[in-house]
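All remarks here apply to the structure that follows.
Number of protein chains: 4
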Amino acid sequence: MTLWGGAFSSPTEDAVRRLNDSLRFDWRLYDADIDGSIAWARAVADAGVITAAERDTLADGLERIRLEFQRGEFVSAPGDEDIHTAVERRLTEIVGAVAGKLHTGRSRNDQVATDVLLWVLAAQEKLTSALTVFLAALRRQAQNGDNLVMPGFTHFQPAQPITVAQWWLSHFWALVRDVERLETMAVAWRHKCPLGSGALSGTPYDIDRQRLAESLGFEAASPNSLDSVADRDHVADFLYALAMIGIHISRLAEDLIIFANPSFGFVRLDERYSTGSSLMPQKRNPDPLELARGKAGRLIGHLSGLLATLKGLPSGYNKDLQEDKEPLFDAYDTLAALLPPLTGLVNTLTMNADRMRAALIESMLATDLADYLVGKGIPFRQAHGLAGQVVRLAEQKRVELSQLTLDDYRSISDVFESDVVKVFDYDAAVARRRASGGTGDTERQITLAESWLKQRV
Amino acid sequence: MTLWGGAFSSPTEDAVRRLNDSLRFDWRLYDADIDGSIAWARAVADAGVITAAERDTLADGLERIRLEFQRGEFVSAPGDEDIHTAVERRLTEIVGAVAGKLHTGRSRNDQVATDVLLWVLAAQEKLTSALTVFLAALRRQAQNGDNLVMPGFTHFQPAQPITVAQWWLSHFWALVRDVERLETMAVAWRHKCPLGSGALSGTPYDIDRQRLAESLGFEAASPNSLDSVADRDHVADFLYALAMIGIHISRLAEDLIIFANPSFGFVRLDERYSTGSSLMPQKRNPDPLELARGKAGRLIGHLSGLLATLKGLPSGYNKDLQEDKEPLFDAYDTLAALLPPLTGLVNTLTMNADRMRAALIESMLATDLADYLVGKGIPFRQAHGLAGQVVRLAEQKRVELSQLTLDDYRSISDVFESDVVKVFDYDAAVARRRASGGTGDTERQITLAESWLKQRV
Amino acid sequence: MTLWGGAFSSPTEDAVRRLNDSLRFDWRLYDADIDGSIAWARAVADAGVITAAERDTLADGLERIRLEFQRGEFVSAPGDEDIHTAVERRLTEIVGAVAGKLHTGRSRNDQVATDVLLWVLAAQEKLTSALTVFLAALRRQAQNGDNLVMPGFTHFQPAQPITVAQWWLSHFWALVRDVERLETMAVAWRHKCPLGSGALSGTPYDIDRQRLAESLGFEAASPNSLDSVADRDHVADFLYALAMIGIHISRLAEDLIIFANPSFGFVRLDERYSTGSSLMPQKRNPDPLELARGKAGRLIGHLSGLLATLKGLPSGYNKDLQEDKEPLFDAYDTLAALLPPLTGLVNTLTMNADRMRAALIESMLATDLADYLVGKGIPFRQAHGLAGQVVRLAEQKRVELSQLTLDDYRSISDVFESDVVKVFDYDAAVARRRASGGTGDTERQITLAESWLKQRV
Amino acid sequence: MTLWGGAFSSPTEDAVRRLNDSLRFDWRLYDADIDGSIAWARAVADAGVITAAERDTLADGLERIRLEFQRGEFVSAPGDEDIHTAVERRLTEIVGAVAGKLHTGRSRNDQVATDVLLWVLAAQEKLTSALTVFLAALRRQAQNGDNLVMPGFTHFQPAQPITVAQWWLSHFWALVRDVERLETMAVAWRHKCPLGSGALSGTPYDIDRQRLAESLGFEAASPNSLDSVADRDHVADFLYALAMIGIHISRLAEDLIIFANPSFGFVRLDERYSTGSSLMPQKRNPDPLELARGKAGRLIGHLSGLLATLKGLPSGYNKDLQEDKEPLFDAYDTLAALLPPLTGLVNTLTMNADRMRAALIESMLATDLADYLVGKGIPFRQAHGLAGQVVRLAEQKRVELSQLTLDDYRSISDVFESDVVKVFDYDAAVARRRASGGTGDTERQITLAESWLKQRV
């Protein structure tokens with residue numbers, strides 16, 4: 000028996016019921032649903048709608064159902080359309096007719112809105128945690144690589160030498176923005192508890208919605224009941240934040256996948272974090288990284304899909320909004336499954352200092368050569384042109400920049416002096432970039448990263 | 000024990016294995032996987048790599064596994080990473096060491112490419128079938144509504160009268176394009192059987208790939224092994240085609256949702272295809288239609304996501320491609336779950352002829368008024384302006400167009416004569432549009448629709 | 000002559016140059032580019048790289064170029080690849096060789112990153128302003144509608160009566176979230192000034208990046224140079240925020256488009272904000288609303304596209320990132336062009352109180368009937384079922400709920416008493432929902448809305 | 000003066016007009032618009048609505064306008080909302096009042112639908128042409144690389160040796176699918192000429208729509224007028240096809256970008272097709288390839304955006320559909336600007352045979368080693384495990400596979416014999432894959448490619 004069929008004479012068609020029913024995925028809201036219901040029972044008791052004894056009976060019954068879920072003992076019944084009806088049906092079995100008082104002044108519309116928002120808030124915290132652990136692994140590798148020099152790329156061409164630390168930290172700080180984005184979003188989310196919005200127009204009982212909101216960990220109640228039952232901004236926010244995490248991870252993955260190719264050989268994955276081939280026994284495939292890169296697409300898709308679903312909906316609750324949950328759950332599960340193996344992969348991989356240094360080429364110091372000329376008083380734009388001529392000359396002579404003779408240099412500009420050889424020192428080039436944020440400033444960045452992490456443990 | 004671990008000393012980390020393993024979703028490929036394996040066994044036997052007896056042993060074992068899947072008796076084992084390893088592991092249990100010969104000259108890369116393509120081809124047929132049944136329901140309603148007149152909208156404003164048939168048929172023909180799009184795609188898909196592509200470079204055995212392709216129902220083998228193992232065009236095609244179906248259905252759903260609102264009252268859903276409210280007992284909610292509209296967003300998301308996943312991948316098989324299956328399966332399941340209840344909903348709904356006729360307003364015949372003037376020799380552009388002045392005058396006088404006096408008309412143009420009253424006949428306006436495709440041409444369209452449907456039964 | 004061709008012997012192919020060159024769209028960054036360059040000139044002067052006199056010469060020249068842009072007098076030259084080279088070329092013409100010193104220690108990579116971020120910050124402020132004006136129009140209409148009752152919908156079916164104010168405010172508060180989202184994002188954006196990051200590895204000069212950042216209105220410099228030159232999070236954030244604005248506006252537009260259809264007739268658009276038809280002179284088409292709804296799709300597309308572009312990029316600057324600007328500019332332009340006419344449309348439209356009241360139906364008070372029973376001690380769930388039976392009985396008898404006799408009521412439950420008639424008062428039903436956020440709480444919401452707006456003027 | 004304002008008393012607000020007007024982008028439809036109008040003039044003349052003389056006057060005037068557009072001499076006037084009104088306004092100036100007869104029985108709804116469809120058909124042909132030229136460049140490079148061996152990757156790890164030809168051809172055949180997809184789509188598009196659909200309900204004149212369709216190069220008229228004015232399937236199809244082209248090109252670009260990095264050094268771009276850095280004079284940046292990769296994101300975005308715009312629209316023409324044109328034009332322009340420089344880039348790049356051969360490693364022959372064992376009667380699965388042990392042993396001894404002694408081999412399996420050394424021959428490994436589509440089958444593929452290209456010149 001459904002909870003809404005009073006005015007209906009024919010039962011719902013089976014195929015319709017299967018289409019509508021959401022318990023197969025929204026059972027995951029049970030914790031939020033029970034929290035919300037207990038808070039609601041207290042609120043209606045405070046408003047004098049039910050007695051304190053009824054409130055306690057309801058709360059005890061709900062806690063028992065929570066235990067059943069936690070122990071995997073909850074058994075669904077045929078009429079359980081969704082988590083809300085499943086819980087209320089079971090509550091009726093446990094506490095009897097008084098269960099029928101729980102829904103007073105409430106609707107499934109504000110109930111599910113509350114459930115989803117509570118779930119998103121909890122998911123945000125768990126994800127932030129997992130990201131912090133991942134970030135700690137990045138920071139650790141940065142520390143390991145503080146004195147190692149590797150080629151830094153632009154346009155994926157060797158550009159300037161950087162430390163391995165700078166490279167790891169570039170991914171670290173990008174993901175820090177992601178964590179902070181989620182944290183900032185959560186602040187806004189905590190200011191709009193929807194409970195007490197009813198089906199669309201509010202509740203006719205004398206509910207103190209601010210107090211109710213606070214009892215659920217919110218800062219404030221939502222300002223408008225009609226908006227509240229149809230607001231899925233937090234789901235969109237969350238999917239956006241997760242898509243960005245996916246994108247940042249995909250960029251790290253792309254780097255590592257390429258660096259693991261033997262032509263680079265910068266990195267070797269631990270066997271526990273790579274896989275083989277059914278046909279080619281020699282392979283060390285970076286599957287977790289490829290999946291990380293690929294799953295960024297999935298996360299982008301969930302966001303695009305939800306936004307398309309929300310676009311153009313009429314006011315108030317529409318059943319279309321039931322389509323928010325599956326992408327939400329899947330996006331979270333995707334990252335929850337991805338971050339631990341990626342953390343392990345980062346923690347166990349080894350960087351090959353020799354291969355990285357061997358990939359340095361002296362033309363990566365051409366800018367330093369230009370800066371050398373700037374130091375001699377040449378405007379940068381002209382110095383840049385002269386350095387370019389040096390690179391060209393070295394290419395023509397098929398030698399490295401440092402192998403050109405002083406005469407060669409002076410054939411291009413008589414500003415060059417014998418001290419030009421000092422330019423060709425990768426470590427010095429790195430050290431010169433000690434202005435904040437530069438590759439010579441990684442020690443400070445690592446300390447900063449450590450503080451950031453400590454605040455979140 | 001994995002099938003590829005020969006060169007590895009450490010086992011894969013659990014979290015990595017869980018991330019990589021795909022059996023939880025790709026078991027659905029079992030039919031395709033077994034078909035592919037039997038065909039492959041025959042091909043390697045034909046090439047003299049295994050004996051005819053070995054081939055038959057393998058084929059018999061594979062058919063037994065198919066039965067186990069069909070009966071729900073297949074039991075997975077810890078090392079079963081995916082459907083391919085699960086089947087091969089079980090085959091070894093059944094037929095012994097000869098199972099180890101099945102994978103000769105093949106790779107999981109060409110195997111999974113073949114499986115997915117076979118699955119897509121089968122899914123296309125099932126979906127085309129379900130769509131045809133849905134289209135038959137639309138056609139039936141069109142026939143019911145062949146003589147009913149309703150307002151046709153542009154900009155969602157009353158524009159011109161149309162028959163209910165024309166409205167149903169507008170959705171019918173849009174979905175016909177979708178069926179034909181799928182059918183046309185399938186022709187291309189059948190020309191690129193990937194089996195025999197190996198891991199990337201082809202198979203070193205003397206396989207007749209054309210014959211192999213035909214034995215699996217294809218027209219031709221794929222032209223290039225490296226392309227073949229990374230080609231997921233058919234998945235993208237399929238997701239695109241399904242997104243378009245979702246969009247066309249969402250437009251029908253939008254119309255019906257609005258028409259079911261009592262301010263319109265054009266349509267009443269059968270109780271079996273609508274649901275109630277937990278708070279508001281009077282509601283008849285068109286849930287299946289709202290879900291249909293919302294799920295169009297999900298389908299768009301799956302497409303966007305897959306395209307983002309494919310973009311920028313290096314050549315050859317990358318594990319990112321494993322991300323093709325879940326959106327593929329979910330997109331298919333979405334429509335497979337949606338079409339039957341929608342078919343029932345369309346078959347059982349009733350159109351309210353009175354409400355539709357009551358919504359007609361005479362200004363919807365303003366174009367006919369202009370055409371009346373054209374008939375009197377006025378150029379259309381001028382006639383259009385004069386008809387506009389008539390509408391304006393009627394609005395000022397707060398009367399219907401037919402209630403204006405002849406003097407009123409002649410105050411605007413003396414071309415108007417007493418026969419102008421004949422313009423204000425909705426049925427005549429409909430009948431006039433008998434040029435092909437017009438609202439006066441629905442009888443022919445219905446016949447055409449019937450022929451189209453008959454070809455597909 | 001390009002600025003980078005020193006090492007090249009052949010000129011770039013024309014088609015390549017056309018593909019690469021971005022001046023045709025990035026000229027819009029001129030203000031940000033000039034601000035950034037003046038700040039940079041000061042920073043390198045502070046670091047002792049150039050003299051104070053050189054700094055002033057550069058700054059004066061740059062201000063002159065700004066004037067040329069503002070007056071539409073800037074003339075581009077053949078080699079102007081982008082705004083940066085155009086400005087430097089022109090600066091050289093104006094101040095001579097000293098212009099060549101401006102780029103010392105800087106790269107186009109950190110320069111363009113800074114330009115785009117400054118542009119986004121400015122765009123955010125202009126958009127917030129335009130949104131606030133739009134919000135003021137919504138609030139004004141809310142105030143007009145504070146005593147008007149209209150049907151509130153769920154599943155687009157009449158659900159419960161609400162005030163027109165509550166409906167307008169539901170859109171108001173959704174857009175408030177959008178403004179606050181943008182404002183919160185801007186706080187994060189102001190903590191990551193990229194200038195001084197060089198091409199990827201930082202600047203070799205002794206630049207005080209914190210001071211530099213502050214001189215451009217930032218709170219802090221970005222933490223890592225490599226991350227900084229490839230970070231387009233703010234573009235993604237901005238596109239996401241704009242997509243959400245588009246979605247919220249599309250929902251308002253959808254409501255108004257439907258309400259403007261004569262079957263509803265709730266709203267009439269002013270002629271200045273609607274358009275006609277070339278064929279049907281009577282039409283009042285709500286074009287701006289339809290475009291608003293449609294453009295939400297465009298905004299979603301720009302976001303999806305940028306995310307796909309960013310996904311899987313290797314570290315550091317890649318030319319792919321040039322694809323950030325056109326969607327960014329177009330998204331901003333889209334809303335900048337949309338908000339003023341929408342504001343006018345909202346300000347000038349009229350709500351038809353009679354049509355809205357006529358659309359109320361007594362079954363919308365069924366929940367209140369259940370609450371009436373709750374007041375008599377019946378648990379809500381049971382009360383809900385009884386109210387449903389009443390609705391059903393009224394339907395069978397083809398009467399309104401208030402036309403049922405007391406005997407009819409008591410045939411369903413003897414708890415019903417003669418006071419049941421008091422339930423059928425729409426205004427009372429609205430007034431009862433006075434708990435915060437409810438439809439009876441709009442006066443407080445309007446005051447709150449006013450305070451919110453005042454803070455932003 | 001607008002063409003539709005007859006019934007309006009107030010002029011449209013400027014901001015609304017700017018929002019609505021589309022001439023700034025839809026002027027590009029002029030050719031299609033004029034073709035459609037001439038065809039329509041003939042059709043209404045055939046139907047006896049206008050005289051043959053009027054028809055000719057209209058046609059001559061329209062041809063004169065076409066010339067004005069072609070010569071860049073067309074001057075727009077203030078009231079020109081879109082290409083249709085601009086052309087009709089100008090026609091009136093040229094031929095006088097008879098111009099007012101052109102729009103008889105037609106609406107801008109069927110007119111713009113026809114224009115867009117004609118434009119898409121023409122764009123498809125131009126794009127197919129540009130793709131064919133690009134494909135010819137790929138084929139040419141394939142021929143150059145028919146005897147060069149390079150590492151083939153899976154999971155971006157060295158997997159098996161392939162020829163350079165096979166690699167180029169893998170991209171060739173993927174793009175062939177794109178051309179064929181467009182060609183197949185065009186067949187469907189040519190069966191649905193919308194002209195004669197009127198605003199939504201058809202035309203009241205006796206138009207032979209089949210003949211009209213054929214006169215515009217179509218095979219058939221569209222079946223339903225209401226569907227026809229709102230059908231944008233061809234725009235979605237086209238955007239989908241272009242997104243797929245973008246994706247396939249992005250994969251080629253990704254390969255080449257990585258191969259151009261000196262750690263690979265497989266490929267060197269001609270200077271005319273690469274660019275330098277403003278800071279680092281030594282750079283050869285593969286900008287066109289990066290832009291190609293990045294623009295795939297833009298193309299995906301245009302598709303996602305249009306689908307979101309179409310989703311959930313009510314029946315008939317809605318102004319939202321005006322949002323189809325800008326993504327359509329931009330998607331086409333994107334590829335039209337990209338393909339020529341990419342063609343030049345492919346034609347002028349050089350592959351470095353030495354670097355490619357140097358990147359081969361003997362473990363890439365491990366599968367061949369397993370196949371060697373299969374040849375000795377070992378089931379493949381067991382052979383695969385033994386080959387893995389060999390790889391492992393070689394790794395432990397830090398030698399290449401061919402440097403292991405026969406004793407080493409026999410310590411793993413006594414099936415190994417002295418002929419095992421013959422396995423370590425990359426060219427032989429390639430040649431063995433001569434089954435169709437394999438890397439040993441490229442000569443046939445190149446011939447096939449040539450035939451395919453010839454059919455399209």
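Chains as they are written, first to last, in numbering that gives the first Met the number 0: chain U, 0 to 456; chain D, 0 to 456; chain B, 0 to 456; chain Z, 0 to 456. Beta carbons: idealized from backbone N, C-alpha and C, even for Gly.
Minimum Cβ-Cβ distance from residue i to chain Z less than 7 Å
i         : result
U:Asn-284 : yes
B:Pro-287 : yes
D:His-233 : no
Residue i, buried or exposed, once every other Cβ within 10 Å from all chains shown has been counted against 16
i         : result
B:Pro-10  : exposed
Z:Thr-446 : exposed
U:Lys-282 : buried
D:Ala-158 : buried
U:Leu-66  : exposed
Inter-residue Cα distance where the pair is residue i and residue j
i         : j         : result
U:Thr-127 : Z:Leu-385 : 45 Å
Z:Leu-211 : Z:Ile-33  : 14 Å
B:Ala-291 : B:Thr-274 : 15 Å
B:Val-119 : D:Asp-30  : 53 Å
B:Leu-452 : B:Ala-173 : 14 Å
B:Ala-240 : U:Asp-236 : 9 Å
Any chain B beta carbon closer than 7 Å to residue i
i         : result
Z:Ala-112 : no
U:Glu-253 : yes
Residues sharing a beta bridge with residue i, DSSP
i         : result
D:Met-149 : D:Ile-161
Any chain U beta carbon closer than 7 Å to residue i
i         : result
Z:Gln-156 : yes
7 Å Cβ cutoff, residue i in contact with chain D
i         : result
Z:Arg-455 : no
The region 178–190 of chain U contacting the region 151–170 of chain U, beta-carbon criterion three pairs below 8 Å: no
Meets three-Cβ-pair contact criterion under 8 Å: the region 288–297 of chain U and the region 305–321 of chain D: yes
The region 313–321 of chain Z contacting the region 310–321 of chain B, beta-carbon criterion three pairs below 8 Å: no
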